[in-house]
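Have a look at the structure below, then the notes.
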Amino acid sequence: MQNNLPTSAPQCDVDPAGDLILLVGQGKDQTPIRVSSKVLSLASPVFATMFGPRYLEGHILSKQARFSTPSFPLPEENPEAMTWFCRAVHLQLNADVATMKIGLILKLAALCDKYDASTALSGWSRLEMESVSSSLLQIYDLPSRHPPTMVDFASYALYTSYAFKNHRTFWLATRNIAHHNSLRDMFAQKKKYKDSVLPSRLFDSIGTLCRATLVTIHRAIEEVIKPYTDHQCPPYHHDHREMCGALTVIGHFFQELSRLGLWPISKLERLEAGSLSQLKEKISLFEPCSMSSKTSKNACFIPIINIKKALHLAAEEIHRNQKGLCLRCVYEGRIMVNGNCMAESHDSCKGKN
14 MQNNLPTSAP QCDVDPAGDL ILLVGQGKDQ TPIRVSSKVL SLASPVFATM FGPRYLEGHI
74 LSKQARFSTP SFPLPEENPE AMTWFCRAVH LQLNADVATM KIGLILKLAA LCDKYDASTA
134 LSGWSRLEME SVSSSLLQIY DLPSRHPPTM VDFASYALYT SYAFKNHRTF WLATRNIAHH
194 NSLRDMFAQK KKYKDSVLPS RLFDSIGTLC RATLVTIHRA IEEVIKPYTD HQCPPYHHDH
254 REMCGALTVI GHFFQELSRL GLWPISKLER LEAGSLSQLK EKISLFEPCS MSSKTSKNAC
314 FIPIINIKKA LHLAAEEIHR NQKGLCLRCV YEGRIMVNGN CMAESHDSCK GKN
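Numbering (my numbering), first residue to last: 14 to 366.
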């Protein structure tokens, strides 16, 4: 499968003694890369099959290699990404890998998924994913070479961890997306990545996590105010015209929720537009009702609750208990929440083998 079209890019000898040349890209950007078919076959079952006896490339390689170096065109691949890919599987990467731009890493991740080479790239990708995981745990303290927003960064982590099959980072990425993104964000991300290596239902599943989290925190809001809503004035107070203290607290509570855009929660758009992180920010702006446990000598005794603190603690607990998706389950087709075991590591997966 010889290709004699002229190329403007110089040949890259990843393996100077390699037995084949990959012609990567098209036209003036086409780049010849000399590689070892044995190394590529060991790194990728896709290449192993291509260079085997059942395919034309394998026959050409076995016959022509004795006389000249055969070349195989890969016009659909990105030359820069394929060069890095070949260098990685040939163990030719150096310190320059730390300067790789995010766009190149995404292209490399796509190649890794396409050629099923996650094992061969596991050493390098593990270092990159550890850096990503550390940033996900720090939430907002992001490396300067990554996108400036958590939405983009977590999506980048999701894409690369899926392609590189890094379970821990994938779990953290899905967890953080569910924490920082609204359902509307999920719709946008699903559209953005519809033609990528990610399963089409993945963002639907993360959206289910988002919705469940929001429902949980709204239930927590109900629990915080419950001591006041459950309060009943003693019968002998019914003749008094003064306002019960519990009613004062309840009224102020719902006024604050309304002011912060958290009430009424019956409106669907409030669930679709909010996220747990946004709710936590709004809770920090909650103004408590300043009053004593007894508004006057004849008023009801009511419990004094630091509502703002209670709401904050509830949100923090929900955040700590937030789970991500199990990557092993996703690869085995158990993508949706009701079938995904949400294990944090590959070995702890409770799904079917």
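For every residue, glycine included, the Cβ atom is placed at its ideal position computed from N, Cα and C.
Considering Cα atoms alone, identify which of the options is closest to residue i.
| i | options | result |
| --- | --- | --- |
| Arg197 | Phe177, Leu211 and Gly220 | Gly220 |
| Leu270 | Cys257, Gln245 and Ser297 | Ser297 |
| Gly274 | Gly287, His265, Ile263 and Val262 | Gly287 |
| Gly50 | Leu33, Ala259 and Pro240 | For the sequence presented, residue 50 should be read as Ser rather than Gly. Checked all of Leu33, Ala259 and Pro240; the closest Cα to Ser50 is Leu33. |
| Arg341 | Ser358, Ala327, Tyr169 and Asn334 | Ser358 |
| Ser144 | Arg100, Phe183 and Lys207 | Phe183 |
| Lys295 | Ile317, Ile230, Pro240 and Ile315 | Ile230 |
| Val27 | Arg47, Lys41 and Gly40 | Arg47 |
| Ile317 | Gly258, Met355 and Gln291 | Gly258 |
| Lys293 | Val262, Pro277 and Ile331 | Ile331 |
| Ser138 | Leu124, Gly116 and Ser174 | Ser174 |
| Lys41 | Ser75, Asn91 and Leu53 | Asn91 |
| His265 | Ile238, Cys246 and Gln245 | Ile238 |
| Cys302 | Leu260, Ala328 and His325 | Leu260 |
| Leu222 | Leu289, Ser131, Glu345 and Phe98 | Leu289 |
| Cys246 | Ile315, Pro212, Trp276 and Phe267 | Ile315 |
| His192 | Asn351, Val350, Gln291 and Glu345 | Gln291 |
I need the straight-line Cα distance from residue i to residue j, nearest angstrom please.
| i | j | result |
| --- | --- | --- |
| Val102 | Glu236 | 55 Å |
| Gly71 | Pro88 | 19 Å |
| Arg67 | Asp360 | 36 Å |
| Leu36 | Phe85 | 6 Å |
| Gly337 | Asp129 | 24 Å |
| Leu215 | Pro23 | 41 Å |
| Leu155 | Gln43 | Low confidence applies to Leu155: its pLDDT is 38, below 50, so where it sits in the model is not reliable, and the reading given next is rough at best. Distance between the alpha carbons of Leu155 and Gln43 is about 35 Å. |
| Ile73 | Gln105 | 27 Å |
| Gly31 | Arg100 | 12 Å |
| Pro29 | Thr187 | 42 Å |
| Thr62 | Tyr169 | 30 Å |
| Lys203 | Asp217 | 8 Å |
| Arg368 | Lys321 | Nothing about residue 368 can be read from this structure; the chain reaches only from 14 to 366. |
| Gly364 | Pro240 | 41 Å |
| Gln39 | Asn179 | 32 Å |
| Ser195 | His325 | 19 Å |
| Pro58 | Asn334 | 39 Å |
| Arg347 | Ala356 | 12 Å |
| Ile115 | His244 | 56 Å |
| Phe60 | Cys339 | 29 Å |
Could you tell me which residues DSSP puts in a beta bridge with residue i?
| i | result |
| --- | --- |
| Val48 | Leu33 |
| Cys25 | Ile46 |
| Leu87 | Val37 |
Are there 16 or more other CB atoms within 10 angstroms of the CB of residue i, so buried, or fewer, so exposed?
| i | result |
| --- | --- |
| Glu300 | exposed |
| Arg232 | exposed |
| Glu141 | buried |
| Arg272 | exposed |
| Pro69 | Per the sequence presented here, residue 69 reads as Leu, with Pro not at that position. Answer is exposed; the Cβ neighbour count stays below 16. |
| Val228 | exposed |
| Asp208 | exposed |
| Asn353 | buried |
| Ala56 | buried |
| Ala201 | exposed |
| Pro45 | buried |
If I'm right that residue i touches residue j with Cβ under 8 Å, what's the distance once you round it to whole angstroms?
| i | j | result |
| --- | --- | --- |
| Ala94 | Lys127 | At roughly 11 Å, the Cβ-Cβ gap does not stay under 8 Å, so Ala94 and Lys127 are not in contact. |
| Phe64 | Leu134 | The pair is not a contact, with the Cβ atoms about 19 Å apart (cut-off 8 Å). |
| Thr96 | Cys25 | 5 Å |
| Ala167 | Ile190 | 5 Å |
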